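**Student:** Quick one: structure below, then a few questions.
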Amino acid sequence: MSARASIIPVFVPHLGCPHACVFCNQRRISGAQRAATAEDVKNSIEQAAAFLPKGGKRQLAFYGGSFTAIPGDQQEALLSAAREALDRGEIDATRLSTRPDAIDDEVLARLRRFGVETVELGAQSMDDSVLRLSGRGHTAADVERASKLLQTAGFRLVLQMMTGLPGSTDEKDMETARKIIALRPDAVRIYPTVIVRDTALYDMWRAGEYREHTVEDAVRVCAEILPLFETAEIPVIRLGLNPTDELSNGAAVAGAYHPALGELVKSRILLNRARELLRGVGPGSRVTLTVGRGKTSQMTGRHRENIRRLTEEFGLAEIKIRENSESGGEILSLSVEKRA
Numbered sequence: 016m017s018a019r020a021s022i023i024p025v026f027v028p029h030l031g032c033p034h035a036c037v038f039c040n041q042r043r044i045s046g047a048q049r050a051a052t053a054e055d056v057k058n059s060i061e062q063a064a065a066f067l068p069k070g071g072k073r074q075l076a077f078y079g080g081s082f083t084a085i086p087g088d089q090q091e092a093l094l095s096a097a098r099e100a101l102d103r104g105e106i107d108a109t110r111l112s113t114r115p116d117a118i119d120d121e122v123l124a125r126l127r128r129f130g131v132e133t134v135e136l137g138a139q140s141m142d143d144s145v146l147r148l149s150g151r152g153h154t155a156a157d158v159e160r161a162s163k164l165l166q167t168a169g170f171r172l173v174l175q176m177m178t179g180l181p182g183s184t185d186e187k188d189m190e191t192a193r194k195i196i197a198l199r200p201d202a203v204r205i206y207p208t209v210i211v212r213d214t215a216l217y218d219m220w221r222a223g224e225y226r227e228h229t230v231e232d233a234v235r236v237c238a239e240i241l242p243l244f245e246t247a248e249i250p251v252i253r254l255g256l257n258p259t260d261e262l263s264n265g266a267a268v269a270g271a272y273h274p275a276l277g278e279l280v281k282s283r284i285l286l287n288r289a290r291e292l293l294r295g296v297g298p299g300s301r302v303t304l305t306v307g308r309g310k311t312s313q314m315t316g317r318h319r320e321n322i323r324r325l326t327e328e329f330g331l332a333e334i335k336i337r338e339n340s341e342s343g344g345e346i347l348s349l350s351v352e353k354r355a
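16 is the number of the first residue of the sequence shown in the working numbering; add one for each residue after it.
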């Protein structure tokens, strides 16, 4: 866990959710079977104090439901427990996740009163037809409106998007990324669609009404999306669902669930950049690709998959990977030794 920022998660699965999103079963995704209480908030903070690194920022995070759509008295009970810990110096900040259509001036006033710093909005898509097919119950315009309200009020804004939802395509997912970039959030989470047991999406998939968004599908499109956020200097703080025992032991029945999805995407990005550099290199050549420090495994790929692909596609005799100790991760150069 980073010494700079440590998250103390408190799960409120499905609380405040007015719609049944087709992909969602928060109890299986989070592993939490019941919603937290104010006492749970206090206990989580006390337990975290024993293992959190010293000197780092400690953030209490309410995850799993639509926090600002929970009845006001229930919100205030949870936020009061967090505020007391904040005032005692036991935590440094509070963050929460909610829906774009559950943000208004009254909500913002409550969040300010209790010292909330960061709000994460589940945008998921900026295509209204995809949102409708996914049962989200809000529009892209709601995302834009809520984002501007939060930013104007001084909150840190994190937007969540998904790839591979019903009715979506790679281009629609990329357009969602572009529209999210235009909103200038402080950070983004990307969650490729996973088919979780006991969801409407699971039933749609079983009935042949939804085509699985595979790990390969997610890697392909996210390898195009991630560089868009990098160019815009918007951090992607999560790519793929956080692995849990429940998901790994059968709750994730299909779709883009992989414990190292982010690494697969970064490896594909380097593969794509290598392909660009290798255009025009003659068959039989021996090449050396220079990558950033610590990026050799990503460039090589799992089981040397990237090396195998490049060797076959370009008919190369050999590919070597060399690290540059000062690089930030780009492929810096390509040297070619042609066949004698």
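C-beta atoms are modelled at their ideal positions from N, C-alpha and C, and glycine is treated no differently. What you are looking at is a predicted structure, and each value in this text was computed from that prediction instead of being measured.
Hey, T214 and H228: beta-carbon distance below 8 Å or not?
**Tutor:** No; because the gap between Cβ atoms is not below 8 Å, this pair is not in contact.
**Student:** Taking only beta-carbon positions, decide if Q89 is within less than 8 Å of chain D.
**Tutor:** Among the chains in the structure shown there is no chain D, since it carries only a single protein chain.
**Student:** Any contact of the segment 232–245 with the segment 172–189, i.e. 3+ C-beta pairs under 8 Å?
**Tutor:** As far as the Cβ criterion goes, the segment 232–245 touches the segment 172–189, which means the pair count is three or higher.
**Student:** Quick check on Y225: does DSSP put it in helix, strand or coil?
**Tutor:** Here Y225 sits in coil by DSSP.
**Student:** Go through the segment 223–283 residue by residue and report every complete run of the beta strand (DSSP E) that reaches 3 residues or more, in order.
**Tutor:** Within the segment 223–283, the complete beta strand (DSSP E) runs of at least 3 residues are 251–254 and 267–270.
**Student:** Between I346, Q313 and T133, which lies nearest to L164 when the distance is taken from Cα to Cα?
**Tutor:** Checked all of I346, Q313 and T133; the closest Cα to L164 is T133.
**Student:** With a Cβ-Cβ cutoff of 8 Å, do V268 and V302 count as a contact?
**Tutor:** Cβ atoms of V268 and V302: not closer than 8 Å.
**Student:** Apart from the five residues just before and just after I322, which ones in its own chain have a Cβ nearer than 6 Å to its Cβ?
**Tutor:** For I322, where only same-chain residues beyond five positions count, the Cβ hits under 6 Å are T315 and I334.
**Student:** Could you give the residue range of the beta strand (DSSP E) that holds N339?
**Tutor:** Taken as a continuous stretch (DSSP letters only), the beta strand (DSSP E) holding N339 covers E333 to N339.
**Student:** Please list, in chain order, all residues of the same chain as G270 whose beta carbon is under 6 Å from its beta carbon, the five residues on each side excluded.
**Tutor:** T208, V209, I210, E227 and H228, listed in sequence order.
**Student:** Find the nearest neighbour of H273 within the set I284, N264, G255 and R283, judged by alpha-carbon distance.
**Tutor:** Among I284, N264, G255 and R283, the Cα nearest to that of H273 is on G255.
**Student:** Going by beta carbon distance, what residues of the same chain come within less than 8 Å of G150, once the five residues before and after it are set aside?
**Tutor:** For G150, where only same-chain residues beyond five positions count, the Cβ hits under 8 Å are H34, A35, C36, V37 and A215.
**Student:** In chain order, which continuous runs of the alpha helix (DSSP H) of length 4 or greater are located wholly inside the segment 113–165?
**Tutor:** Listed in chain order, they are 120–128 and 143–148.
**Student:** Any idea what DSSP makes of K72, helix, strand or coil?
**Tutor:** Three-state result, K72: strand.
**Student:** Which of the three DSSP states is assigned to A108 in this structure?
**Tutor:** Correct three-state label for A108: strand.
**Student:** With three or more C-beta pairs closer than 8 Å as the rule, is the segment 242–257 touching the segment 187–206?
**Tutor:** Touching, per the Cβ criterion.
**Student:** When you compare the segment 138–154 with the segment 96–109, are there three or more beta-carbon pairs, one atom per stretch, that lie closer than 8 Å?
**Tutor:** Taking 8 Å as the limit for Cβ pairs, the verdict is that the segment 96–109 does not touch the segment 138–154.
**Student:** Run through the DSSP bridge pairs and tell me what G307 is partnered with.
**Tutor:** According to DSSP, G307 bridges with N339.
**Student:** Does the beta-carbon of D218 have 16 or more other beta-carbons within 10 angstroms, so that it is buried, or is it exposed?
**Tutor:** Per the 10 Å Cβ criterion, exposed.
**Student:** How long is the line joining the alpha carbons of F66 and R221, rounded to whole angstroms?
**Tutor:** Those two C-alpha atoms are separated by around 43 Å.
**Student:** Helix, strand or coil: which one does DSSP assign to E352?
**Tutor:** Here E352 sits in strand by DSSP.
**Student:** Name the two residues that bound the continuous alpha helix (DSSP H) containing I196.
**Tutor:** Taken as a continuous stretch (DSSP letters only), the alpha helix (DSSP H) holding I196 covers D185 to A197.
**Student:** Would Q90 be called buried (16 or more neighbouring beta carbons within 10 Å of its own) or exposed?
**Tutor:** Its Cβ being crowded by 16 or more others within 10 Å, Q90 is buried.
**Student:** Tell me the rounded alpha-carbon separation between R369 and F329.
**Tutor:** Residue 369 is absent from the model: the chain starts at 16 and stops at 355.
**Student:** If you reduce the DSSP assignment to three classes, tell me which class T315 lands in.
**Tutor:** Helix, per DSSP.
**Student:** Taking all protein chains shown into account, do 16 or more other C-beta atoms lie within 10 angstroms of the C-beta of N264, making it buried, or fewer, making it exposed?
**Tutor:** With fewer than 16 Cβ atoms within 10 Å of its Cβ, N264 is classed as exposed.
**Student:** Who are the Cβ neighbours of V306 in its own chain at under 8 Å, not counting the five residues just before and after it?
**Tutor:** So the qualifying residues of the chain are L285, Q313, M314, I336, R337, E338, N339, S342, G344, E345, I346 and L347.
**Student:** Please return the same chain residues whose Cβ sits closer than 8 Å to the Cβ of V56, not counting the five positions on each side in sequence.
**Tutor:** The answer, listed in chain order, is V25, L75, L93, A96, A97 and A100.
**Student:** Based on the DSSP secondary-structure assignment, which residues constitute the bridge partners of I22?
**Tutor:** Its beta-bridge partners are Q74.
**Student:** For E261, count the other beta carbons within 10 Å of its own beta carbon; 16 or more makes it buried, fewer makes it exposed. Which is it?
**Tutor:** E261 comes out buried.
**Student:** Is the beta carbon of A168 closer than 8 Å to that of L198?
**Tutor:** Not closer than 8 Å, so no.
**Student:** For A289, which of helix, strand or coil comes out of DSSP?
**Tutor:** If DSSP states are grouped into helix, strand and coil, A289 belongs with the helices.
**Student:** Contact check, A155 vs R212 under 8 Å by CB: the rounded distance?
**Tutor:** The Cβ separation is near 29 Å, so there is no contact.
**Student:** Can you tell which of S183, L325, N40 and P200 has its C-alpha closest to the C-alpha of R160?
**Tutor:** Nearest of S183, L325, N40 and P200 to R160, Cα basis: P200.
**Student:** By the DSSP assignment, the alpha helix (DSSP H) with R294 in it spans what residues?
**Tutor:** R294 -> no alpha helix (DSSP H), and no H or E assigned at all.
**Student:** Can you list, in chain order, the residues of its chain with a C-beta nearer than 8 Å to that of K72? Leave out the 5 residues immediately preceding and following it.
**Tutor:** If we look at K72 and ignore the five residues flanking it on each side, its Cβ neighbours are R19, A20, S21, D107 and A108.
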